[in-house]
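Contents: one structure, followed by commentary.
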Amino acid sequence: MTVILYLLAVSLVFGAGGLAIFLWSLRSGQYDDMEGAANRILFDEDR
């Protein structure tokens, strides 16, 4: 029975860590320009 409690605690810690990393990536602007990177790969523009 104690193993289930340990696994529950570990899964809550991992879930909170994943949520924290996701929120950090939102705040740092990782998802701002979803189309720009895809277009830069496809088109070769010499400037």
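If you're matching positions, the sequence shown starts at 0 in numbering that gives the first Met the number 0 and goes up one per residue.
C-beta: ideal position from N, C-alpha, C; glycine also.
Measure the alpha-carbon distance for GLU34 versus PHE21 and round it to whole angstroms.
Distance between the alpha carbons of GLU34 and PHE21 is about 20 Å.
DSSP on GLU34, reduced to helix/strand/coil?
Correct three-state label for GLU34: helix.
Would you kindly work out how many angstroms separate the C-alpha atoms of GLY17 and LEU25, rounded to a whole number?
If you take the alpha carbons of GLY17 and LEU25, they lie about 12 Å apart.
Among residues of its own chain, excluding the 5 on either side of GLU44, which ones have a beta-carbon nearer than 6 Å to its beta-carbon?
Excluding positions up to five away in sequence, the list is empty.
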